[in-house]
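Engineer: Provided herewith is a single structure, encoded as structure tokens, for subsequent inquiry.
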Amino acid sequence: MSPDARNVMVVPCSGIGKTYGTVSREAAYEVTEDLRAESTRLVALSLLVLGDDEARAAVAANPTVTIDGCKLGCAEKMVRESGGRVPRSFAVLDTYRRHRDLKPDGIAELDEGGRRLAHALADEVAAAVDSLTAGDEEVPHA
Amino acid sequence: MPDYLEATVDKFIFRVATDRHYSPEGIWALAEGDRVRVGLTDFVQQRSGDVAFAEVKPVGTVLKAGDEVAVIETIKVNIGVPSPVGGTVAAVNPAMQLSPEAINQDPYGEGWLALIDARDWPTDRDALLDPGAYLELMTGQAEDEATKP
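If you read the sequences in order, they're chains P and H.
The working numbering puts the first residue of the first sequence at -15, with every later residue one more than the last.
The working numbering puts the first residue of the second sequence at 11, with every later residue one more than the last.
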């Protein structure tokens, strides 16, 4: 994967069947397909786990924002193990603590609280992407 | 730093501190003079998942053994925490306000919930389990969880 204008990689949690994992993926989709489609690219955590050459090259060559569904932090750990750098990592739980009224539920399909939490998280990730594309190497945590 | 008993169930390792007593619900009680510190066991915190919020009854609250001393909200469940001891809440762990993940990170230490002025600790203690008995009970509970479809 050659460097291009979409130079911030976004790697969400791959936890299937977990509400917070779904929130992380919905937020990642919103960032990479809508909010910052021109400057981001989604990389599937499962490809990194499988050692996919293209996915590993993408995170090795570009700054990566990770979104983890739980404190195990699999996305962040896997990007680092793949040779990538993670100037900003997010955890769904941290965003939920800032938005307690948005308790998420649902797995395959999020409820209203989950969708709104994913949107709030996507806004935070988009702000981090803006900082990275502006040249900031370290992005302060919220 | 307490010593621990350990049980391995499936891919999980659960620790039981040897210096305190336990309720069957997985709440520990550690006597410190006339006061008793309480918190969640390693098994309960692992089974329940990452803690989002922990609300502990305020200082001055009078409790009977079995009354709710805290409500814990995790990414999986909401847990009402029954107090293993009767008395008056004398202190609440300030970490519960800003960093309740201490429960997950250090359930037998920094993740304590409340310190209670015990009304009759010897009587309450007799109703609790020693570490070995709790280990056996908890292992059975963990095995039941592991075999759930």
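Virtual Cβ for every residue (Gly too), placed ideally from N, Cα, C.
Does the beta carbon of residue 85(H) come closer than 7 Å to any beta carbon on chain P?
Structural biologist: Taking the second sequence and counting its residues from 1, one reaches residue 85(H) at position 75. At least one chain P Cβ lies under 7 Å of residue 85(H).
Engineer: Measure the CB-CB distance between residue 44(P) and residue 5(P) and report whether it falls below 7 Å.
Structural biologist: Residue 44(P) sits at position 60 when you count from the first residue of the first sequence. Residue 5(P) sits at position 21 when you count from the first residue of the first sequence. No, the pair does not count as a contact, with Cβ atoms beyond the cut-off.
Engineer: Using CA atoms only, rank isn't needed, just tell me which of 158(H), 142(H), 90(H) is closest to residue 29(H).
Structural biologist: The residue you call residue 29(H) lines up with position 19 of the second sequence. Measuring from the Cα of residue 29(H), the nearest candidate turns out to be 142(H).
Engineer: Taking 7 Å as the CB-CB cut-off, is residue 101(P) touching chain H?
Structural biologist: One-based indexing of the first sequence puts residue 101(P) at position 117. With 7 Å as the cut-off, residue 101(P) does not count as an interface residue toward chain H.
Engineer: Are any of the Cβ atoms in chain P nearer than 7 Å to that of residue 106(H)?
Structural biologist: In the second sequence, the residue the question calls residue 106(H) occupies position 96. No, no contact with chain P.
Engineer: What are the uninterrupted segments assigned as beta strand (DSSP E) that are 3 or more residues long and contained completely in the stretch 26 to 108 of chain H, given in chain order?
Structural biologist: With a minimum length of 3 residues, the continuous beta strand (DSSP E) runs that stay inside the stretch 26 to 108 of chain H are 37 to 42, 45 to 50, 61 to 66, 78 to 84, 88 to 92, 97 to 102.
Engineer: From the DSSP output, read off the bridge partner residues of residue 16(H).
Structural biologist: If you number the second sequence from 1, residue 16(H) lands on position 6. In DSSP, residue 16(H) forms a bridge with 25(H).
Engineer: Going along chain H, which residues have a C-beta under 8 Å from residue 55(P)?
Structural biologist: Walking along the first sequence from the start, residue 55(P) turns up at place 71. Neighbours of residue 55(P) on chain H, chain order: 60, 111, 114.
Engineer: Between residue 135(H) and residue 31(H), how many whole angstroms is the CB-CB distance? I'm expecting something under 8 Å.
Structural biologist: The residue given as residue 135(H) occupies position 125 in the second sequence. The residue given as residue 31(H) occupies position 21 in the second sequence. Their Cβ separation, rounded to whole angstroms, is 6 Å, which keeps residue 135(H) and residue 31(H) in contact under 8 Å.
Engineer: With 16 as the cutoff for other CB atoms within 10 Å, does residue 30(P) come out buried or exposed?
Structural biologist: To locate residue 30(P), count along the first sequence from 1; it is residue 46. By the 10 Å Cβ count, residue 30(P) comes out exposed.
Engineer: Leaving out five residues on either side along the sequence, give the residues of the same chain with a beta carbon under 6 Å from the beta carbon of residue 110(P).
Structural biologist: Numbered from 1 along the first sequence, position 126 holds the residue referred to as residue 110(P). For residue 110(P), where only same-chain residues beyond five positions count, the Cβ hits under 6 Å are 15, 19, 20.
Engineer: In this structure, does DSSP put residue 109(P) in helix, strand or coil?
Structural biologist: Sequence index remark: in the first sequence, residue 109(P) carries index 125 (1-based). Three-state DSSP puts residue 109(P) in a helix.
Engineer: Looking only at its own chain, which residues have a Cβ that is under 8 Å from the Cβ of residue 95(P), when we skip the five neighbours before and after it?
Structural biologist: Numbered from its first residue, the first sequence carries residue 95(P) at position 111. Answer for residue 95(P): 88, 89, listed in chain order.
Engineer: For residue 11(H), does the count of other Cβ atoms within 10 angstroms reach 16, so buried, or fall short, so exposed?
Structural biologist: Residue numbering aside, residue 11(H) sits at position 1 when the second sequence is read from its first letter. Exposed.
Engineer: Does the beta carbon of residue 77(P) come closer than 7 Å to any beta carbon on chain H?
Structural biologist: For this step, residue 77(P) is matched to residue 93 along the first sequence. Yes, its Cβ sits closer than 7 Å to a Cβ of chain H.
Engineer: What number of angstroms, rounded off, separates the C-alpha of residue 101(P) from the C-alpha of residue -4(P)?
Structural biologist: Taking the first sequence and counting its residues from 1, one reaches residue 101(P) at position 117. Taking the first sequence and counting its residues from 1, one reaches residue -4(P) at position 12. Their Cα atoms are separated by approximately 15 Å.
Engineer: Assuming contact is defined by CB atoms lying nearer than 7 Å, are residue 11(P) and residue 106(P) in contact in what I supplied?
Structural biologist: Locating residue 11(P) in the first sequence gives position 27, where the first residue counts as 1. Locating residue 106(P) in the first sequence gives position 122, where the first residue counts as 1. Yes, the pair counts as a contact, with Cβ atoms nearer than the cut-off.
Engineer: Nearest-angstrom Cα distance between residue 117(H) and residue 40(H)?
Structural biologist: Locating residue 117(H) in the second sequence gives position 107, where the first residue counts as 1. Locating residue 40(H) in the second sequence gives position 30, where the first residue counts as 1. Approximately 13 Å between the Cα atoms of the pair.
Engineer: Once the 5 residues before and after residue 149(H) are set aside, which same chain residues still bring their CB inside 7 Å of it?
Structural biologist: For the purposes of this step, residue 149(H) is taken as the residue at position 139 of the second sequence. Only 17, 19 meet the Cβ criterion.
Engineer: Strictly below 8 Å CB to CB, what residues from chain H border residue 64(P)?
Structural biologist: Numbered from its first residue, the first sequence carries residue 64(P) at position 80. In chain order: nothing, as chain H lies at least about 20 Å away.
Engineer: Does residue -12(P) pass the burial test, meaning 16 or more other C-beta atoms within 10 Å, or should it be called exposed?
Structural biologist: Stepping through the first sequence from its first residue, residue -12(P) is reached at position 4. Its pLDDT being 49, under 50, residue -12(P) is placed unreliably by the model, and nothing is read from it.
Engineer: Spell out the partners DSSP gives residue 52(P) in its beta bridges.
Structural biologist: Against the first sequence, residue 52(P) aligns to sequence position 68. The partner list for residue 52(P) (beta bridge, DSSP) reads 75(P).
Engineer: Helix or strand or just coil, what does DSSP make of residue 157(H)?
Structural biologist: Against the second sequence, residue 157(H) aligns to sequence position 147. Residue state, collapsed to three classes: coil.
Engineer: Thinking residue 67(H) and residue 99(H) are a contact (beta carbons under 8 Å), I'd like their distance in whole angstroms, please.
Structural biologist: In the second sequence, counting from the first residue as 1, residue 67(H) sits at position 57. In the second sequence, counting from the first residue as 1, residue 99(H) sits at position 89. That pair is a contact at about 5 Å.
Engineer: In this structure, how does DSSP classify residue 39(P) when only helix, strand and coil are distinguished?
Structural biologist: Counted from its first residue, the first sequence places residue 39(P) at position 55. Three-state result, residue 39(P): helix.
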